[in-house]
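In the numbering used here, the protein residues as written are 2 to 531.
Here the structure comes first, spelled out in structure tokens, and everything after it is commentary.
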């Protein structure tokens, strides 16, 4: 991604409780200006968590809100709208209904992200607003459907966890019918559930020397506001910190009130009154388990992380990383599965060369986003061998689709997994898992990318990089020429290409011809003794 001039970009974070919009102008001098921030309550997860189904009312409510936020973004002339969905959408069996309605009615492509990716984006957003350097820090974000727990410093994460302990989820499970004071037995039940869900993660947290603790989200900010109000501090004099003692006092106070009375609590938005107790109990339990005495409040959140992540892909911006998180995540997965990295890298290089020369020759007009999908799929195409060589292309699909790849949304991971799956054996079929769920245009993209990957795999059949380069060009009305430059005999690679030539001819409607030239690798002579 490059920035050739000023550009307006919008970011939408669709959570379980609310939808947030951030619109920024990216300036030519590699700075950015915030144009507007908006927040709308949607209660998308209301009534969902018992059977993992979004209600029709919640879907309609959310579509209206996202449409409104998209209109605001376009009023600022946003060229890109980056929209992600988290816990409620992630867990819903009927999430495709929501995604489809938003696509049609709001003209927004909603991308579902995994729990670890949600945690990473929260860390990006919060850490970009503080100066912690190498100090190991704990980040806690309590959403409507999940709570994210992160260990990291300014530039690295060491732990990314997403726990199903959101404020709406917990309210639905334990307090949906409670309108009066919260009974003691209910509090015991809630605390027991939180501890059972969080204890494993907190054991890992306690293995680090934590120097700072940051809390983000509307729930934690509300609790700090209530604590400040209980101390008699006016809003301008808020400390931005809530201690464990203060939090416990807030919890006792809230639990002693009816729902009606909670709506009148100073510092608490009445719309949050029914779920604040559950969120407060989650935070209190986490601080109890981890032995934390106070937590700093951050106004930053996932939508800020979306901005930082977007900027990190633009050369020249201060947030750009030496190796993007997507590349790092892909390589970590490959290494964890003990792939032949030399072979994987060479296949990726050949596949990209075929992609580029085919595009130059007019065989396709796929975007650079598709090119990136091909690059990652090529690098990971053999990860399934970690399970078994037999059928390893299918194993690769399942390894990738279930991997916690950071920096990607779920649809991108599906595309990568499918392209890797078709690097050998049969080409895509309508009935194949995952493939049938793609949009028609994305099925075509997978088909084309898989073809380039199959060819690249066949061109390194010997696993020694003897095919130095490969390019595609037009050889006539009905022919395509594949030109190979080889360092040594490549009979095996040429044979493999011609064995699979029919799939190329079905895809591009051209006959494939192969031309080979040889480049002799110079071998340095041994120095003679003198």
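Beta carbons: idealized from backbone N, C-alpha and C, even for Gly.
Predicted model only: the values in this text are computed from it and were never measured.
- Message: For the beta strand (DSSP E) containing residue 416, name the first residue and the last one.
- Response: Careful: residue 416 lies outside any beta strand (DSSP E), inside the alpha helix (DSSP H) at 411-422.
- Message: In this structure, how does DSSP classify residue 52 when only helix, strand and coil are distinguished?
- Response: It is coil, neither helix nor strand.
- Item | 8 Å Cβ shell around residue 1 - same chain, five flanking residues per side excluded | With the chain covering 2 to 531 only, the question about residue 1 has no answer from this structure.
- Indicate the three-state DSSP secondary structure (helix, strand or coil) for residue 39 in the structure shown. Correct three-state label for residue 39: strand.
- Any 3 or more C-beta pairs closer than 8 Å across the segment 330-344 and the segment 360-367: Cβ pair count under 8 Å is below three, so no.
- Item | Beta-bridge pairing of residue 80 - partner residues as DSSP gives them | DSSP, once it has assigned bridges, lists no residue as partnering residue 80.
- Query: Quick one: complete alpha helix (DSSP H) runs, 4+ long, within the segment 171-207?
  - Reply: Listed in chain order, they are 185-206.
- Express the C-alpha separation of residue 223 and residue 270 in angstroms, rounding to a whole number. Roughly 8 Å between the two C-alpha positions.
- Anticipated Cβ contact below 8 Å, residue 35 with residue 25, distance rounded: Contact holds; Cβ gap of about 5 Å.
- Kindly indicate which three-state DSSP category residue 514 falls into: helix, strand or coil? The answer is strand: DSSP assigns residue 514 an E or B state.
- Cβ contact (3+ pairs, closer than 8 Å) linking the segment 139-150 and the segment 14-24: Contact holds: three or more Cβ-Cβ distances are below 8 Å.
- Under the assumption that residue 493 contacts residue 472 (Cβ atoms under 8 Å), give the Cβ distance between them as a whole number of angstroms. Actually they are not in contact, since the Cβ atoms of residue 493 and residue 472 sit about 20 Å apart, beyond 8 Å.
- residue 496 burial status per 10 Å Cβ neighbour count (16 or more: buried): That one is exposed.
- Between the Cα of residue 346 and those of 383, 371, 310, spot the shortest distance and give me the residue it belongs to. Comparing Cα positions, the closest option is 383.
- Task: Output the distance between the C-alpha atoms of residue 402 and residue 265, rounded to the nearest integer angstrom.
- Result: Going from the Cα of residue 402 to the Cα of residue 265 covers about 47 Å.
- Taking the DSSP output, what are the residues bridged to residue 30? For residue 30, no pairing in a beta bridge is given by DSSP.
- Item | Best match in 233, 508, 504, 84 for proximity to residue 308 [C-alpha to C-alpha] | Here the closest residue by C-alpha is 84.
- Item | Residue from 450, 178, 302 with nearest C-alpha to residue 417 | Looking at the Cα atoms, 450 is the closest of the given residues.
- Message: Considering only the alpha carbon of each residue, which of 329, 242, 300 lies closest to residue 293?
- Response: Closest option to residue 293, Cα to Cα, is 242.
- Query: From residue 12 to residue 411, what does the alpha carbon distance come to, in whole angstroms?
  - Reply: Their Cα atoms are separated by approximately 17 Å.
- Going along the chain, which residues of its own chain have a beta-carbon closer than 7 Å to the beta-carbon of residue 6, five neighbours each way excluded? Hits under 7 Å: 29.
- In or out: residue 219 buried (at least 16 other Cβ within 10 Å) or exposed? Burial call: buried.
- Message: Considering Cα atoms alone, identify which of 300, 153, 197 is closest to residue 164.
- Response: When the alpha-carbon of residue 164 is set against those of 300, 153, 197, the nearest one is in 197.
- Are at least three pairs of beta-carbons, each pair with one atom in the segment 122-134 and one in the segment 189-207, less than 8 Å apart? The segment 122-134 is not in contact with the segment 189-207.
- Which of the three DSSP states, helix, strand or coil, is assigned to residue 342? Helix.
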